[in-house]
Each structure stands twice: as structure tokens, then as C-alpha cells.
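Following: one structure in C-alpha cells, then a few remarks.
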Amino acid sequence: MRFDDADRRQLLVVLHEYAEHALDELTLLRARTKYGDVYVEVFRTLPPDMTDDSFHSIDHLLPPLGARENRFTPAHEIRLAVLVRAYAEHDLDQWTALQTRTTRGPVYFGILNSPPGDRTHDDFRSLDHLLPAPDIENRSDSR
Numbered sequence: 192m193r194f195d196d197a198d199r200r201q202l203l204v205v206l207h208e209y210a211e212h213a214l215d216e217l218t219l220l221r222a223r224t225k226y227g228d229v230y231v232e233v234f235r236t237l238p239p240d241m242t243d244d245s246f247h248s249i250d251h252l253l254p255p256l257g258a259r260e261n262r263f264t265p266a267h268e269i270r271l272a273v274l275v276r277a278y279a280e281h282d283l284d285q286w287t288a289l290q291t292r293t294t295r296g297p298v299y300f301g302i303l304n305s306p307p308g309d310r311t312h313d314d315f316r317s318l319d320h321l322l323p324a325p326d327i328e329n330r331s332d333s334r
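All residue numbers for the sequence shown refer to this note's numbering, where the first residue is 192 and numbers rise by one.
Below is the structure:
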């Protein structure tokens, strides 16, 4: 799977829908890629050592509210897992920091190629059961 602008927009929409409809305070997710695991932090409250200017807003890239599905279902979770893995395999360097506004306030996303700070691999809920096995035949040691 290639990762193009349409995929990027879909990823942002699904992240926003997750933030709006499924997120409580903090969610930690991970997915296996052909390069190793990718980690996704989704949180409402910034840690004391962070400021929101470290995060890039995605709101201007989202479709108008009336054009969104305005829900988050199990099918959306599968799409999120597929898109996160594709993004990590094609676009992610070290980390990406994103932000969106929801009806409950700002939400922050960290997409990283290693667990952040004092978190460990096991702190993150695996999405691997939602994904087909990664293509390891064409594995490359560099991104």
C-alpha cells in the first residue's frame, strides 16, 4: 500500500473521529510494521513539560463537520490501524505531533517509532489483531 494525500486526509479524519467519540483521557496504541512497532499516544491533557505549539493542528485539513461520519465504530478502528501502519511505513521519520479541536477541547496525538519517555512497549494496546501480517519479504532496514 502506498501512502498518498488521500490516505493522509483519511488518517487525520479517523484520528479526529477517534478523539471526538472514543477517547476518554488517554489512549496508547501500537501496531507492528515491517520496520518494527509504531506507537500512538492520544491525550487530552498535555504533560507539564510540553506546550501545544509543539503540535501541528490538523483542523484545517478536515472536511466540514457535515461531511464527516461523526462516529467511531469497529470498522473505523480497523481503518485507523491500517492507516497508522501505512503512515509509519511510508512517511514517519522519528515522530509526528498533531492536534485537533473536539467538542470537549483540544486533543493531542503523538505518532512515534519508539515508546516515549517512561512508557514501555507493554503500556500500549496492540492493534495487530486488526491488521494483515506486514510484508516482511521486502523488509528494509532503513525508512
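In this text, a Cβ means the ideal position worked out from N, Cα and C, and glycines have one as well.
Using CA atoms only, rank isn't needed, just tell me which of Ser305, Ile249 and Asp240 is closest to Ala210. On the sequence shown, residue 210 is found 19 positions in, with the first residue counted as 1. Just measuring C-alpha positions, the residue of Ser305, Ile249 and Asp240 sitting nearest Ala210 is Ile249.
Contacts around Glu208, its chain only, beta-carbon distance under 8 Å, and the 5 residues preceding and following it disregarded: Residue mapping note: residue 208 aligns to position 17 of the sequence shown, counting from 1. Cβ neighbours of Glu208 beyond the five flanking positions: Arg259, Glu260, Asn261, Arg262, Phe263 and His267.
Can you pull the DSSP bridge partners for Asp228? Locating residue 228 in the sequence shown gives position 37, where the first residue counts as 1. In the DSSP output, where bridge partners are listed per residue, Asp228 has Arg223.
Using CA atoms only, rank isn't needed, just tell me which of Leu271, Leu252, Arg276 and His320 is closest to Arg292. In the sequence shown, residue 292 corresponds to position 101, counting from 1. Ranking Leu271, Leu252, Arg276 and His320 by Cα distance to Arg292 puts Leu252 first.
Distance between Asp244 and Ile269 (C-alpha atoms, nearest Å): Within the sequence shown, numbered from 1, the residue matching residue 269 stands at position 78. Within the sequence shown, numbered from 1, the residue matching residue 244 stands at position 53. About 30 Å.
Where Ser305 falls: helix, strand or coil (DSSP): Working through the sequence shown from its first residue, we reach residue 305 at position 114. DSSP places Ser305 in coil when its eight states are reduced to three.
Please classify Leu253: does DSSP put it in a helix, a strand, or coil? Numbered from 1 along the sequence shown, position 62 holds the residue referred to as residue 253. The answer is coil: DSSP assigns Leu253 none of H, G, I, E or B.
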